[in-house]
Amino acid sequence: MTVVVVGDVATDVVAVLDGAPAPGSDRPATISTRGGGAGANVAVHLARLGTEVRMVGCVGNDPAGVGLVAELAAAGVRPALRTVPGTSTGTIVSLVEPDGQRSMLADRGANLALEPGDVALAHVRHLHLSGYTLLDPRPRAAGLAALAAAAAAGATISLDPASTAPLTAYGVDRWLADTAAATVVLPNAAEARLLTGCADPADAARALAGRHRVAAVKLGADGALWASGDVLVHRPALPTTVVDTTGAGDAFAAGLLAAWLAEPGIPPEWALDAGLAHAALVVARVGAR
């Protein structure tokens, strides 16, 4: 049985700044280009952790798209990516501050052309859906189709809400209704607060666990929370030197899911530790994977 990831595939342009930005002037930076996209990041990390995974999405009819398909295949992911004529592959520019925090500029390109017909969920064991797929009206129908097909197949479903700004624009009530079938939700603290109206992340995790089987809330440097039923578990982040936080949430999701899917009855502490360990590896270097 295969894990299917539905979401964005993109080229990441990561600029690690040497000091604060200097509007109207120059600032030295170390700039690199590599594979990215929230969905593709999770897929690659899952494959590296030994999970059989298929990536569903879209790329443009350009050299970047060809390169990303090849990169995913080389990482052990089975690409199921439609090439969209006349459209550029998605590109994300990540500006990384000296403390490792980042701001992202997104041109989603061909990712916005995802259609319900692109989502093939035969023999799916688990669906991981990147929330960005729902947050734009163009690929939304495909995201909803993936959720419905996975639920009909009896598969488990994980979902990352993606980002507070587009989530606010989309509407919290609408998002909660659309994602009711999700088994595991993976918000960060800000997203959990937005989705529940709870100021305390622990209260937010409990509230989300009232809707879903598992809520795993990412707390950044403070680690992560697991809420399921009456269980609430906190685990601290692993000590590490933070170089770049790009993709940390995707790495956490993959680490947790790989452990949880391999052993569904795993203690929550072990699942959280698996996610946090994988995130610690990613933030210690430049790039999402």
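Every position in the sequence shown, counted from 1, becomes a number in the working numbering once 170 is added. Just so you know, even glycine gets a beta-carbon here, dropped at the ideal spot from N, CA and C.
*Of the residues Thr259, His298, Pro268, Leu282, the one placed nearest Gly206, counting alpha carbons only*: Cα-wise, what sits closest to Gly206 is Thr259.
*Using the rule of at least 16 other Cβ atoms within 10 Å of the residue's Cβ for burial, across every protein chain shown, is Glu222 buried or exposed?*
By the neighbour-count definition (other C-beta atoms within 10 Å, threshold 16), Glu222 is an exposed residue.
_From Phe422, Tyr340, Asp400, Gly399, residue whose alpha carbon lies closest to that of Pro406_ = Nearest of Phe422, Tyr340, Asp400, Gly399 to Pro406, Cα basis: Phe422.
*Using a Cβ-Cβ cut-off of 7 Å (strictly less than) and excluding sequence neighbours within five positions of Trp440, which residues of its own chain qualify?*
Around Trp440, the same chain offers Ala429 as residues with beta carbons nearer than 7 Å, after the five sequence neighbours per side are excluded.
*Is the beta carbon of Gly294 less than 9 Å from the beta carbon of Ala312?*
It should be pointed out that residue 294 corresponds to Val in this sequence rather than to Gly. Contact: no.
*Kindly indicate which three-state DSSP category Ala292 falls into: helix, strand or coil?*
Looking at Ala292 - three-state DSSP - the assignment turns out to be coil, as it is neither helix nor strand.
*His298 - DSSP class collapsed to helix/strand/coil*: Three-state DSSP puts His298 in a strand.
*asked:* Here's a check: name, in chain order, each residue in its chain whose Cβ is nearer than 7 Å to the Cβ of Pro448, leaving out the five neighbours to either side.
replied: It should be noted that the sequence gives His, not Pro, for residue 448. Hits under 7 Å: His215, Ala421, Phe422, Ala424, Gly425.
*asked:* Restricting to Cα atoms, I'd like to know which of Val236, Ile262, Pro268, Ser273 is closest to Gly279.
replied: Closest in C-alpha terms to Gly279, from the list Val236, Ile262, Pro268, Ser273, comes Ile262.
*In the structure shown, what three-state DSSP assignment does Gly230 receive?*
The answer is strand: DSSP assigns Gly230 an E or B state.
*Measure the Cβ-Cβ separation of Gly380 and Ala359 and say whether it is below 9 Å.*
Contact flag unset, no.
*Taking just the CA atoms, how far does Glu267 sit from Met225?*
Cα to Cα, Met225 sits roughly 31 Å from Glu267.
*Stretch-stretch touch, CB-based, cutoff 8 Å, three pairs: the region 287 to 301 with the region 330 to 344*: With a cut-off of 8 Å, the region 330 to 344 and the region 287 to 301 count as touching, because enough Cβ pairs lie within range.
*the region 282 to 297 contacting the region 237 to 246, beta-carbon criterion three pairs below 8 Å*: Contact between the region 282 to 297 and the region 237 to 246 is not established, with fewer than three Cβ pairs separated by less than 8 Å.
*Leu305: which of Thr338, Gly287, Ser328 sits nearest, CA to CA?*
Ranking the options by Cα distance to Leu305, first place goes to Thr338.
*Which first and last residues belong to the alpha helix (DSSP H) in which Val456 is found?*
In this chain, Val456 is not harboured by any alpha helix (DSSP H), its DSSP state being neither H nor E.
*Unbroken alpha helix (DSSP H) run spanning His215, endpoints*: Per DSSP, His215 belongs to the alpha helix (DSSP H) from 208 to 218.
*Is Leu389 near the ligand SAM, with its Cβ less than 8 Å from a heavy atom?*
Absent from the structure shown: the ligand SAM. Ligands present: none.
*Would you mind working out which of Leu284, Tyr340, Gly341, Val342 sits nearest Ala315, comparing C-alpha positions?*
That would be Leu284, whose Cα lies nearest to the Cα of Ala315.
*Would you kindly work out how many angstroms separate the C-alpha atoms of Ala347 and Ala192, rounded to a whole number?*
Roughly 44 Å separates the two Cα atoms.
*How long is the line joining the alpha carbons of Val254 and Ala418, rounded to whole angstroms?*
Rounded to whole angstroms, Val254 to Ala418 spans 29 Å at the Cα level.
_Proximity to Ala276 [Cα-Cα], best of Ala217, Asp269, Asp182, His382_ = Answer by Cα proximity: Asp182.
_Contact check, Ala397 vs Val384, beta carbons under 9 Å_ = Against a cut-off of 9 Å, the Cβ pair of Val384 and Ala397 comes out as a contact.
*In whole angstroms, what separates the C-alpha of Pro198 from that of Ala394?*
Roughly 34 Å between the two C-alpha positions.
*asked:* On the criterion of 16 or more Cβ atoms from any shown chain inside 10 Å, does Val401 qualify as buried, or is it exposed?
replied: Burial is judged here by how many other beta carbons sit within 10 angstroms of a residue's own beta carbon; Val401 has fewer than 16 and is exposed.
*Please go through the same chain and pick out, in chain order, the residues whose beta-carbon is closer than 6 Å to the beta-carbon of Asn231, but skip the five residues on each side of it.*
Answer for Asn231: Thr253, Pro255, listed in chain order.
*Roughly how many angstroms lie between the CA atoms of Ala362 and Ala322, to the nearest whole one?*
In a straight line, the C-alpha of Ala362 is about 27 Å away from that of Ala322.
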